[in-house]
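Note sheet for the following structure.
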Amino acid sequence: MRKLTFFVPGIFGPESGTLPGIALDIPSIENHFRFGTSKSIQTTGFVETLFQLFGFPNAQQDYPVAAVTRLVDDDHDLEGIWMRADPVHLRAEREAVVLLDDSAFKLDKHEALILAADLQQVFTAREIELEAPTNNRWYIKLKDLPEIKTTPIHEVVGNDIHQNLSTGKNKVLWDQLANEAQMSLHRCPLNTEREQRGELPVNGVWLWGAGELPRSPRKIWSSVFGDEVTTQGLSMLTGSPYKDLPDSIESVANQCGEQDNVLVVISFGLRHQQYYDFEGWQDFVGYLEEEWFTGIENLIKQKQLDELTLLTGKNTITVKKSSFMKFWRRRKPLFGHSQNYS
15 MRKLTFFVPG IFGPESGTLP GIALDIPSIE NHFRFGTSKS IQTTGFVETL FQLFGFPNAQ
75 QDYPVAAVTR LVDDDHDLEG IWMRADPVHL RAEREAVVLL DDSAFKLDKH EALILAADLQ
135 QVFTAREIEL EAPTNNRWYI KLKDLPEIKT TPIHEVVGND IHQNLSTGKN KVLWDQLANE
195 AQMSLHRCPL NTEREQRGEL PVNGVWLWGA GELPRSPRKI WSSVFGDEVT TQGLSMLTGS
255 PYKDLPDSIE SVANQCGEQD NVLVVISFGL RHQQYYDFEG WQDFVGYLEE EWFTGIENLI
315 KQKQLDELTL LTGKNTITVK KSSFMKFWRR RKPLFGHSQN YS
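Position one of the sequence shown corresponds to residue 15 (this note's numbering), numbered consecutively onward.
Shown next, in the form of structure tokens:
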């Protein structure tokens, strides 16, 4: 490979400062941070980073995630304006209403269709069409852009929804629609059955990612490997060959040519950050060390990879073979790199 761009949101785990005293044995990860050239960035969200990686310009309103992910979920009707209306559980706490996504509950296809049918009347009253092509990604089709800016669900999970509500001209109308959806789901008999079984009810939908399918910029990547649907949709839109995330960097290297410019996206570590799951995060960085960073370091040193660009969401680290000659740099724990620095 000529160049590998490695996007790993969640690598720093739950918010620094809340981490318990944990000693991690991750020498290769720490070597990349120690020897690489770091560039501080203005913190951007998961969705924004993905769109920028594929060459799309900054968006004033929403990035059109719904239209992009429909390429994967249901490509029979791609024209028009689409918005995600994802099923969620809203947990009332003393001073907050916390959003839990589908990683916190199970929803099978039959249940998804029942809940979506129950919600349909809420949207039909406003001449909005609701579709549920997958269990956990639902869509509404709009006649016009909503004239609001929403927060991607990745940034809301585990947090208070009141700090992440939509903004813009039609905010009140869309907040009202979300409230009506909550009331409808609260009355749905299926949710009563779920609670009786000890399962979380699906008592809300998160509206986000509105827009039309954008015009594709020029193709950037020779190959893309990922573990989530937005990356897959953007790959399809830009004509970039996409494959599901393999087990290790060795599998990536075996599928790529010497001059390839490759993107790898590993997103599942986000859930440990979102849900403050320290044990899960420890397992995640252990997996990164064993299956990815150790092999990447070897590829660089053996001149089989010219350059690594590591994106963390807080900084960008560039590593080449010559980087490892900077022996005077002191090694420090991963936590110490979680703040932006130059």
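Glycine included, every Cβ here is placed at the ideal spot set by N, Cα and C.
1) Rounding to the nearest angstrom, what Cα-Cα distance links A118 and G218 in this structure?
2) In the structure shown, what three-state DSSP assignment does Y77 receive?
3) Would you kindly check if the distance between the Cβ of E145 and the Cβ of F137 is under 8 Å?
4) According to DSSP, V333 sits in a beta bridge with which residue or residues?
5) Can you give me the Cβ contacts of L156 inside the same chain, cut-off strictly under 8 Å, excluding the 5 residues immediately before and after it?
6) Please state if the CB of I280 and the CB of V111 are separated by a distance shorter than 8 Å.
7) Report yes if the C-beta distance between L113 and V102 is below 8 Å; otherwise report no.
8) Can at least three beta-carbon pairs, one atom from the stretch 300–318 and one from the stretch 252–269, be found at a separation below 8 Å?
9) Give the DSSP-derived three-state secondary structure of G327 in the structure shown.
10) Taking P160 as the reference, which of G240, V238, D76, K123 has the closest Cα?
11) Please list, in chain order, all residues of the same chain as M250 whose beta carbon is under 6 Å from its beta carbon, the five residues on each side excluded.
12) For E109, which residues in the same chain have their Cβ closer than 7 Å to its Cβ, ignoring the five residues on either side in sequence?
13) Taking the CB atoms as reference points, tell me whether P228 and P78 lie closer together than 8 Å.
14) Start and end of the beta strand (DSSP E) containing H168?
15) Taking DSSP as the reference, what is the three-state secondary structure of E29?
16) Would you say the stretch 203–216 touches the stretch 48–55, given that touching needs at least three Cβ pairs under 8 Å?
17) Counting only runs that start and end within the stretch 121–201, where is the alpha helix (DSSP H) found for 4 or more residues in a row?
18) Would you mind listing the alpha helix (DSSP H) stretches within the stretch 214–281 that are 4+ residues and don't spill past its ends, in chain order?
19) With a Cβ-Cβ cutoff of 8 Å, do R48 and R345 count as a contact?
20) Measure the CB-CB distance between I175 and A99 and report whether it falls below 8 Å.
21) Let me check understanding here. Comparing Cα to Cα, which of H90, F292, Q288, S254 lies closest to D274?
22) P166: buried (16+ other C-beta within 10 angstroms of its C-beta) or exposed?
23) Just confirm the distance between the C-beta atoms of V171 and Q288, as a whole number of angstroms; I'd bet it's less than 8 Å.
24) Return the first residue and the last residue of the alpha helix (DSSP H) that T63 is part of.
25) With DSSP as the reference, label W96 as helix, strand or coil.
26) Return the Cβ separation of L67 and L277 in integer angstroms, given the expectation that the two are a contact with Cβ distance under 8 Å.
27) Nearest-angstrom Cα distance between N149 and K233?
28) Under 8 Å between the Cβ atoms of E321 and K340?
In terms of the structure at hand:
1) Taking the sequence shown and counting its residues from 1, one reaches residue 118 at position 104. Taking the sequence shown and counting its residues from 1, one reaches residue 218 at position 204. Answer to the nearest angstrom: the Cα atoms are 14 Å apart.
2) Locating residue 77 in the sequence shown gives position 63, counting from the first residue. Looking at Y77 - three-state DSSP - the assignment turns out to be coil, as it is neither helix nor strand.
3) Within the sequence shown, numbered from 1, the residue matching residue 137 stands at position 123. Within the sequence shown, numbered from 1, the residue matching residue 145 stands at position 131. For F137 and E145, no; Cβs fall outside 8 Å.
4) To locate residue 333, count along the sequence shown from 1; it is residue 319. In the DSSP output, where bridge partners are listed per residue, V333 has L322.
5) Looking up residue 156 in the sequence shown gives position 142. Closer than 8 Å at Cβ, skipping near neighbours: G94, I95, W96, M97, I142, A224.
6) Position 97 of the sequence shown, counting from 1, holds the residue named residue 111. Position 266 of the sequence shown, counting from 1, holds the residue named residue 280. Cβ distance not < 8 Å, so V111 and I280 don't count as in contact.
7) On the sequence shown, residue 113 is found 99 positions in, with the first residue counted as 1. On the sequence shown, residue 102 is found 88 positions in, with the first residue counted as 1. Contact flag set, yes.
8) yes
9) Mapped onto the sequence shown, residue 327 falls at position 313. G327: coil per DSSP, three-state reduction.
10) Against the sequence shown, residue 160 aligns to sequence position 146. If we check each option's Cα against that of P160, D76 comes out closest.
11) The residue given as residue 250 occupies position 236 in the sequence shown. L85.
12) The residue given as residue 109 occupies position 95 in the sequence shown. Closer than 7 Å at the Cβ level, and outside the excluded window around E109, lies no residue.
13) Taking the sequence shown and counting its residues from 1, the one referred to as residue 228 is at position 214. Taking the sequence shown and counting its residues from 1, the one referred to as residue 78 is at position 64. Against a cut-off of 8 Å, the Cβ pair of P78 and P228 comes out as a contact.
14) As a working note, residue 168 is residue 154 in the sequence shown. Taken as a continuous stretch (DSSP letters only), H168 belongs to no beta strand (DSSP E), as it is neither H nor E.
15) Translated into positions along the sequence shown, residue 29 becomes position 15. If DSSP states are grouped into helix, strand and coil, E29 belongs with coil.
16) no
17) 123–138, 185–201
18) 243–252, 263–268
19) Here residue 48 is taken as the residue at index 34 of the sequence shown, counted from 1. Here residue 345 is taken as the residue at index 331 of the sequence shown, counted from 1. For R48 and R345, yes; Cβs fall inside 8 Å.
20) Here residue 175 corresponds to residue number 161 of the sequence shown, with the count starting at 1. Here residue 99 corresponds to residue number 85 of the sequence shown, with the count starting at 1. No, the pair does not count as a contact, with Cβ atoms beyond the cut-off.
21) Locating residue 274 in the sequence shown gives position 260, counting from the first residue. When only C-alpha atoms are compared, the closest one is S254.
22) The residue labelled residue 166 in the question sits at position 152 within the sequence shown. When all chains shown are included, P166 counts as buried.
23) Reading the sequence shown from its first residue, position 157 is the one you call residue 171. Reading the sequence shown from its first residue, position 274 is the one you call residue 288. The pair is a contact, with the Cβ atoms about 4 Å apart (cut-off 8 Å).
24) Mapped onto the sequence shown, residue 63 falls at position 49. Start and end: 60–67.
25) Counted from its first residue, the sequence shown places residue 96 at position 82. Strand at W96.
26) Mapped onto the sequence shown, residue 67 falls at position 53. Mapped onto the sequence shown, residue 277 falls at position 263. That belief holds up - the Cβ atoms of L67 and L277 are roughly 6 Å apart, short of 8 Å.
27) Working through the sequence shown from its first residue, we reach residue 149 at position 135. Working through the sequence shown from its first residue, we reach residue 233 at position 219. In a straight line, the C-alpha of N149 is about 31 Å away from that of K233.
28) Your numbering for residue 321 matches position 307 in the sequence shown. Your numbering for residue 340 matches position 326 in the sequence shown. No, Cβ-Cβ distance for E321 and K340 is not below 8 Å.
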